[in-house]
Each structure stands twice: as C-alpha cells, then as structure tokens.
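Novice:
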Amino acid sequence: MNTSKVTLKEKIGYGLGDAASSMFWKLFGMYLLFFYTDIFGIEAGVAGTMFLFTRIFDAATDPIVGVIADRTETRWGKFRPYLLWWAIPFGVMGILTFTTPDLSPTGKIIYAYITYSLMMLVYTLINVPYASLLGVISANPAERTSLSSYRMIFAFAGSILALLLIDPW
C-alpha cells in the first residue's frame, strides 16, 4: 500500500472519475422515468417495476462485484483494471440506455429492461471497484480523507453539471 503523499493532480484525477459516474447517476435519478414514459413511450408502472427489479438485482451484484474485485490480482492492481476494462462499455451502455429504437410496445419494454439492467451492471462494475480504490491509494488516513473530499466535491459538481445541461421540460 502506498504511504506517500498523494499529489494534487492525482486527487483531481480521482475526483474527475466520480464526476462522470455522478453525471450518469443524476440522469437516472432525475430524468430516466420521464425519458421512459414521455419520450420512449413505456407505461409508468412498467418503468417503475423495471427500476425495482434492477435495485433488487443491484443488491445482489454489488457485494459479488466487491468480492471479485477484492480478489483480483493484476499488474495494474486490484481495482484499476475494472476502470480500464469497463470504461468503454459504460459509455456505450449510457448511450444505448437513452436510445429510442422504433419497436413495438413489447419490444420497447424488452429493450428498456435489457439496456437499463446492463447499464446498472456496468455501473456496478465501475463504481464498486472505484469506491474500493480509495482504500489502496494511500495508507495515510489524512490522505484518504482528502481524496474522499475531492471525490465528493467532483461528484457534486458532476451532478450539478448534468442537471444544468439536461433540461427535459
């Protein structure tokens, strides 16, 4: 474990990673139900059931991904490979989640379930190892506190940016 001082550049880099994830998360929380019902044309009850299903699925996958990530051993470390391997699928699934193919009502529901469920799985594969990364960046508790502060500041900034740029009304 690294006991050296974490540079400002590293702290900003760590914070920027959560800014991106927070932008997606804010879109899901503030806009996705509106998107599925008013743009894609799925009934609100169907979309709500899908959200419930994915939250239950997340309750299982989050700890599983945590255990797998903790047991990962690569030349890049335990958690960094997940950021490298899943960054492109994360972006692709974000685009596909908000894509509106011309499908039948049943096709739209199937498409929404598949893309949103995969998006949440990829989000888990990025965010659980990302959060765990904090524990191995530095052994110094003061550095970890500082890194956590940078992460939260950038996450908040990413959320605000998403809300400012996306106005569904």
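Numbering-wise (our numbering), the sequence shown opens with residue 1090 and increments by one. Just so it is clear, CB atoms sit at the ideal spot from N, CA and C, and this is done for glycine as well. Predicted model only: the values in this text are computed from it and were never measured.
1) Closest by CA to W1114, which one among A1176, A1244, L1253?
2) Taking all protein chains shown into account, do 16 or more other C-beta atoms lie within 10 angstroms of the C-beta of D1107, making it buried, or fewer, making it exposed?
3) Could you check whether T1186 and T1204 sit closer than 7 Å to each other, using their CB atoms as the reference points?
4) Indicate the three-state DSSP secondary structure (helix, strand or coil) for R1144 in the structure shown.
5) For A1230 and V1217, I'd like the C-alpha separation in whole angstroms.
6) Less than 7 Å between the beta carbons of V1154 and M1182, yes or no?
7) On the CB-based measure, 16 or more other CB atoms within 10 Å of its CB, does G1247 come out buried or exposed?
8) For L1072, which of P1152, L1122, W1175, M1112 has the nearest alpha-carbon?
9) So which of M1241, M1208, S1206 has the shortest CA-CA distance to L1223?
10) In three-state DSSP terms, what is W1175?
11) Would you report the Cα separation of L1207 and Y1219, rounded to the nearest angstrom?
Specialist: With the structure as the only source:
1) That would be A1244, whose Cα lies nearest to the Cα of W1114.
2) So D1107 counts as buried.
3) In this structure, T1204 places its C-beta atom within 7 Å of the C-beta atom of T1186.
4) R1144: helix per DSSP, three-state reduction.
5) First, the residue type needs correcting, since residue 1230 is Pro and not Ala in the sequence shown. When only Cα atoms are considered, P1230 and V1217 end up about 20 Å apart.
6) Contact: no.
7) Counting Cβ neighbours within 10 Å, G1247 comes out buried, since at least 16 surround it.
8) No answer is possible for residue 1072: the residues shown for the chain start at 1090 and end at 1258.
9) Checking every option, the nearest Cα to that of L1223 belongs to M1241.
10) Residue state, collapsed to three classes: helix.
11) Their backbone Cα atoms lie some 18 Å apart in a straight line.
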